[in-house]
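*Asks:* Structure in structure tokens, see below.
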Amino acid sequence: MQENSEIKALLQLIDDPDEVVYETVSTKIMSLGKAIIPNLEHFSETSINTELQAKIERLIQQLHFEDLKADFIKWNDGSPDLLSGAMLVAKFVYPDVDVTAVLKDIDKLRRNIWLEMNSYLTPMEQINVVGSILYNYYKQRGIEINYNNPDGFLINKVLEKQHGNAFGNGTLLLILFGLLDVPVYAINIPQQFILGYFDSLYDVLNPVGHASEKIKFYIDPINGQMYSHKDVENYFKKIAVPPTASFFKPINNKNVIITLLTELQKCYTAEDNAFKNEQISSLINIIAA
């Protein structure tokens with residue numbers, strides 16, 4: 541924690557009732573970047589003024605967000621891998637997330653699955669191996685989507701708590717399949733987050749085939765259950781939506797993260813969370829631009 545007379549003066553002025561003064565102080569604090577966060581935290585801890593504490597918390601959150609926004613821009617402009625993107629989404633809620641711990645957990649899962657894989661396994665046998673290790677051995681569970689609980693969407697909490705909703709577990713599975721070179725991708729079936737096992741040779745043999753024919757079968761990330769084409773056809777009949785080709789195309793990493801952010805945003809619809817909702821919108825815009 542750095543300390544000097546300028547910082548002390550700024551901290552004392554945070555609680556100034558004059559909005560112009562507060563805006564000036566806020567702008568100056570933001571210009572100092574994350575280095576001033578320990579000072580803000582200490583000042584908040586030593587104050588009994590709840591309104592002041594709320595102002596400081598908002599400033600800290602904004603400082604973290606500006607840093608996160610810069611990271612999203614770098615991720616979007618580079619080679620946007622899914623694990624890094626999922627970690628950035630987690631940092632929106634948990635700025636101090638232990639990245640090393642998450643990477644270790646992911647690598648442990650990858651190694652244990654890889655040891656059971658071989659080139660003679662059929663696609664369904666590959667998925668059975670992944671499901672057996674993740675859902676049976678590691679006891680990963682699926683939970684209902686609860687917009688009062690953002691943890692179900694976040695890769696760090698999905699690993700830590702050993703449960704996640706369809707989007708949280710689905711992101712974990714997609715990361716693992718990517719690391720293992722298994723051709724499984726998210727697809728855009730309405731009202732679902734479901735994965736498809738794609739036939740990598742289909743385009744070569746059937747260049748004009750329907751998009752759905754490239755998928756051998758479907759995988760539910762809640763529990764690893766596999767579904768047939770007939771199951772999916774019945775689902776489309778149930779929701780009375782024609783199964784157009786766009787629903788069966790693989791979603792790239794950027795759009796998976798946009799989907800994850802869009803769902804996470806629904807956790808912040810209350811009036812007192814309006815600024816977080818707006819911040820997520822700005823992150824989505826960075827990727828969608």
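Residue numbers (the numbering used here): 541 to 829.
All C-beta atoms, glycine included, are put in the ideal place defined by N, C-alpha and C.
All values derive from a computational prediction rather than experimental measurement.
#1: With the cut-off set at 8 Å, would you say Phe738 and Pro790 are in Cβ contact?
#2: Enumerate in chain order the residues of its own chain whose CB-to-CB distance from Gly625 is below 7 Å, with the five nearest sequence positions on each side excluded.
#3: Taking only runs of the beta strand (DSSP E) that begin and end inside the stretch 664 to 710, which ones reach a length of at least 3 residues, in chain order?
#4: What is the DSSP secondary structure of Tyr660, reduced to helix, strand or coil?
#5: Helix, strand or coil for Val588? Go by DSSP, reduced to three states.
#6: Leaving aside the five residues before and after Ser566 along the sequence, list all residues of the same chain whose C-beta is less than 7 Å from its C-beta, in chain order.
#7: In this structure, does DSSP put Phe733 in helix, strand or coil?
#8: Between which two residues does the beta strand (DSSP E) carrying Ile755 extend?
#9: Would you check if the distance between the CB atom of Gly764 and the CB atom of Leu622 is smaller than 8 Å?
#10: Quick one: residues in its chain with C-beta nearer than 6 Å to the C-beta of Asp555, no 5 flanking neighbours on either side, listed in chain order?
#11: Could you name the residues of the same chain whose beta carbon sits closer than 7 Å to that of Lys631, not counting the 5 residues immediately before and after it, in chain order?
#12: Using DSSP with H/G/I as helix, E/B as strand and the rest coil, what is Tyr634?
#13: Please classify Gly573 as buried or exposed, where buried requires at least 16 other C-beta atoms within 10 Å of its C-beta.
#14: Which first and last residues belong to the beta strand (DSSP E) in which Val561 is found?
#15: To the nearest angstrom, report how far apart Val772 and Ala780 are at their CA atoms.
#16: Assign Pro790 to one of three DSSP states: helix, strand, or coil.
#17: According to the Cβ coordinates, are Lys701 and Asp691 closer than 8 Å?
*Replies:* By the coordinates alone:
#1: yes
#2: Trp615, Asn793, Ile797
#3: none
#4: coil
#5: Checking the sequence shown, residue 588 turns out to be Ile, not Val. Note: Ile588 maps to coil in three-state DSSP.
#6: Leu599
#7: coil
#8: 755 to 759
#9: no
#10: Leu592
#11: Leu608, Val637
#12: coil
#13: exposed
#14: No beta strand (DSSP E) contains Val561, which is instead part of the alpha helix (DSSP H) from 559 to 572.
#15: 12 Å
#16: strand
#17: yes
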